[in-house]
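Numbering (this note's numbering), first residue to last: 109 to 672.
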């Protein structure tokens, strides 16, 4: 950032202070506003009323506490002192005026609305010494981590609002993989400094980041804040981290360029997230957009995502630690959101060991997102995902699967039949480590271009169960493939294949019913295999199907298949 002469800075600071005073009334109005995000929605479950924070009209300006805009001078003390004073006096609004502001970690307090004016750009410092090591959480586990640029623990009645931009300076933290860059981009990145991995395929921004990632065998077995200090630069924090907070509002602002995950409420209740823009570079490692983790009761409305990993993520802890915590993510309504680049548009898992239930998503648009609806876990996670409703979902230009269930995430790769996609997996005993995905409902799903329409990979001891699909129009290269499923119903499926192949194939599945089915572009409608398959009903709308031409079935289970 360019340094500006002192005389000019003083004038700008005075102008900012005057302009902020004139906006005090408007800020108070925003702070005390209360809206019902769920008005007019007919939800399929009884939703508790979301408690939205309300604030006093008292307004403090960070300029009055010594913050100076448009320099590299840190405003950390000014921002945090203003927040603390505001909270101590009973709460209110802390204003960040328009201007460029450089700061270290911002520490939120109860009863404070941190309000950013249009034109406020808050850049978190690239001086990583400003971020202390603390006991924290990441990817569902307790870990030693650097403190987040924005953080709040055990708070109530808090908000970040306005039209400002928070930039996490993520390039100073994140490694970059060679496969995510063009040759020219990679050469330019390497020339900028940093350290390459041993195989030359990963760039690290610093020696400390290299050590913490490439020499993990040298890390202390029992990690503490003290003994992890040499590896600090590898311990990337999430950007916006609220832990065990109640009545949280995030409204209108932009969060971008995070060190790791972008926005991550953990074990929070009564969340209202609306009108947000959440951005990360498309190549950003662990560059998730929103991770709702072990949270209860909330809404996500009218948000925009363009990120480097999954966009809207529902999580609840990982493996035994998540199961022992026992806090599911539940009672969330997610509506009117758009996702551009992301690995998954809407994702549940893979850290879902505490369970996920009673989630309703409506009117989501995915444009160029790698995968549309993504559900993932693996043996060892445990946890139950159930009572999930998705409707009015539109997708355009999806490079992989429009809908994907993968119960082998990070597990052993499976050997699939090249033509049918059939897999055979050994059955294991059911235990607390067995993940379960069931009772899910999809309605009005429209896909204009995907590599594959749908892929469901369940596990034999716990098939993906009781899934209903209604009114779907999907254009894709490859059709629908299902392995280890149970009680799957399709009503009104219009499948349009851009490449000849099998429209729908499934194996080792039970109680599958397909009615109102139409397809174009395929060279075969159905393939049914797997010796555990039984009770299959197939109905092609307006056309009589012929055995061994339109429908091919493994001889051992032919009596289990009915065609209409």
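Note that the Cβ used here is the ideal one computed from N, Cα and C, for glycine as well.
| query | result |
| --- | --- |
| Tell me the start and end of each unbroken beta strand (DSSP E) in the segment 286-366 that is at least 3 residues and wholly inside, in chain order. | 310-312, 348-351, 354-359, 362-364 |
| Counting Cβ pairs, one atom from each stretch, are 3 or more of them under 8 Å apart for the segment 454-468 and the segment 480-499? | yes |
| Spatial neighbours of residue 360 within its chain, please: CB distance less than 6 Å, with the 5 preceding and 5 following residues excluded, ordered by chain position. | 269, 270, 271, 383 |
| Could you tell me which residues DSSP pairs with residue 245 in its beta bridges? | 250 |
| Here's the rule: buried if 16 or more other CB atoms are within 10 angstroms of the residue's CB, otherwise exposed. What is residue 225? | buried |
| For residue 282 versus residue 393, is the C-beta spacing smaller than 8 Å? | yes |
| Which of the three DSSP states is assigned to residue 479 in this structure? | strand |
| How about residue 101 and residue 179: do their beta carbons lie closer than 8 Å? | Since the displayed the chain opens at 109 and closes at 672, residue 101 lies outside it and no answer follows. |
| Starting from the C-beta of residue 257, find all residues in its chain whose C-beta is less than 6 Å away, skip the five residues before and the five after it, and write them out in chain order. | 213, 232, 276, 347 |
| Is there contact between the segment 610-619 and the segment 638-648, where contact requires at least three CB pairs shorter than 8 Å? | yes |
| Counting Cβ pairs closer than 8 Å, one from the segment 304-315 and one from the segment 407-427, do we hit at least three? | no |
| Helix, strand or coil for residue 384, going by three-state DSSP, please let me know. | coil |
| When the Cα atoms are used, what is the spatial distance from residue 243 to residue 255? | 9 Å |
| In the DSSP assignment, the alpha helix (DSSP H) including residue 427 goes from what residue to what residue? | 427-433 |
| With the cut-off set at 8 Å, would you say residue 442 and residue 469 are in Cβ contact? | yes |
| Near residue 344, what residues of its chain come up, given a Cβ to Cβ distance below 6 Å and the 5 sequence neighbours on each side ignored? | 281, 367, 368 |
| According to DSSP, residue 497 sits in a beta bridge with which residue or residues? | 468, 549 |
| Let me confirm a value: residue 423 is counted as buried when at least 16 other C-beta atoms fall within 10 Å, else exposed. Which label applies? | buried |
| Can you tell me whether residue 110 is buried or exposed? The criterion is at least 16 other CB atoms within 10 Å of its CB, across all chains shown. | In this prediction, residue 110 scores a pLDDT of 35, lower than 50, which makes its location untrustworthy; the coordinate-derived value is nonetheless stated afterwards. So residue 110 ends up on the exposed side. |
| Counting C-beta neighbours from all protein chains within 10 Å, is the total for residue 136 16 or more, i.e. buried, or is it exposed? | With a pLDDT of 39 at residue 136, under the threshold of 50, the modelled position of this residue cannot be trusted; read the value that follows with caution. Residue 136 should be labelled buried. |
| Relative to the alpha-carbon of residue 460, which residue among 434, 471, 491, 444 has its alpha-carbon at the smallest distance? | 491 |
| Go through its chain and collect everything with a Cβ distance to residue 195's Cβ below 6 Å, but skip five positions before and after it. | 217, 218, 219, 220 |
| Please check the pair residue 416 and residue 462, which I expect to be a contact at CB under 8 Å, by giving their CB distance rounded to whole angstroms. | That pair is no contact at about 25 Å. |
| Express the C-alpha separation of residue 508 and residue 349 in angstroms, rounding to a whole number. | 31 Å |
| DSSP three-state call for residue 173: helix, strand or coil? | helix |
| What do you get for residue 134, buried or exposed, if any count of 16 or more other CB atoms within 10 angstroms of its CB means buried? | In this predicted model, residue 134 has a pLDDT of only 41, less than 50, meaning its place in the structure is not dependable enough to derive any value. |
| Does DSSP classify residue 542 as helix, strand or coil? | coil |
| Please state whether DSSP places residue 278 in a helix, a strand or coil. | helix |
| Could you give the residue range of the alpha helix (DSSP H) that holds residue 667? | Run containing residue 667: none; DSSP gives neither H nor E here. |
| Within a Cβ cutoff of 6 Å, which residues of the same chain sit near residue 524, ignoring the five residues on either side of it in sequence? | 531 |
| Spatial neighbours of residue 164 within its chain, please: C-beta separation below 7 Å, excluding the five flanking residues on both sides. | 198, 199, 200 |
| Can you tell which of 672, 636, 620, 191 has the C-alpha that lies nearest to the C-alpha of residue 666? | 636 |
| Would you mind stating whether residue 571 and residue 593 have Cβ atoms separated by less than 8 Å? | yes |
| In three-state DSSP terms, what is residue 574? | strand |
| Residue 615 lies in the beta strand (DSSP E); which residues open and close that run? | 610-615 |
| From what residue to what residue does the alpha helix (DSSP H) around residue 56 run? | Look at the range of the chain in this structure, 109 to 672, and you will see that residue 56 is not part of it. |
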